[in-house]
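A.B. asks: Residue numbers (this note's numbering): 65 to 212.
C-beta atoms are modelled at their ideal positions from N, C-alpha and C, and glycine is treated no differently.
Shown next as structure tokens:
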């Protein structure tokens, strides 16, 4: 960006965090207000973009099944209200397995633990409904899970 251009608006996706330089010496950094909420809904052109972060306290396999059903329920509620699905997606990551090995004398015991916590980040891009409707749908369907 050169000093002739107007300064752009900062947001989470502006790409200038930490690597932000201008030719003008009097530049004062703007305060960045990041929304810590687990569910946010914003407008983008003609669409609504609902973002969500949550934790599902289940094994990976159970969380996949649960999340798939939740996303289908979100889609159904959007179309029931006359909305159009652009894209609904989520990335589910398990914290993984662990093993504690205990050794006494010559005997070794291994205790495996399957983590029952999965992190989810996702987005619903939709058209034809109000922001309040999408917010209500996401809160209703995803509310039973611990919102991150």
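1) Using 8 Å as the cut-off, can you tell me whether the stretch 128-148 makes contact with the stretch 166-176, which would need three or more C-beta pairs spanning the two stretches below that distance?
2) From residue 102 to residue 116, what does the alpha carbon distance come to, in whole angstroms?
3) Counting only C-beta atoms, is residue 164 closer than 9 Å to chain D at any point?
4) What did DSSP end up calling residue 185 once you bin it into helix, strand or coil?
5) Determine the closest residue to residue 109 out of 125, 195, 163, with distance taken between C-alpha atoms.
6) Quick check on residue 227: buried or exposed, where buried means 16 or more other Cβ atoms within 10 Å of its Cβ?
7) Below 8 Å on the Cβ atoms is my guess for residue 190 versus residue 198; work out the distance and round it to an integer in Å.
C.D. replies: Let me lay it out:
1) no
2) In the chain shown, counting from the first residue as 1, residue 102 sits at position 38. In the chain shown, counting from the first residue as 1, residue 116 sits at position 52. Taking the straight line joining both Cα atoms gives about 5 Å.
3) Here chain D cannot be found, since the structure has a single protein chain.
4) As a working mapping, residue 185 is identified with position 121 in the chain shown. Residue 185: strand per DSSP, three-state reduction.
5) Numbered from 1 along the chain shown, position 45 holds the residue referred to as residue 109. It is 195 whose Cα lies nearest to the Cα of residue 109.
6) Shown here, the chain extends from 65 to 212; a query on residue 227 therefore has no answer.
7) The residue given as residue 190 occupies position 126 in the chain shown. The residue given as residue 198 occupies position 134 in the chain shown. That pair is a contact at about 6 Å.
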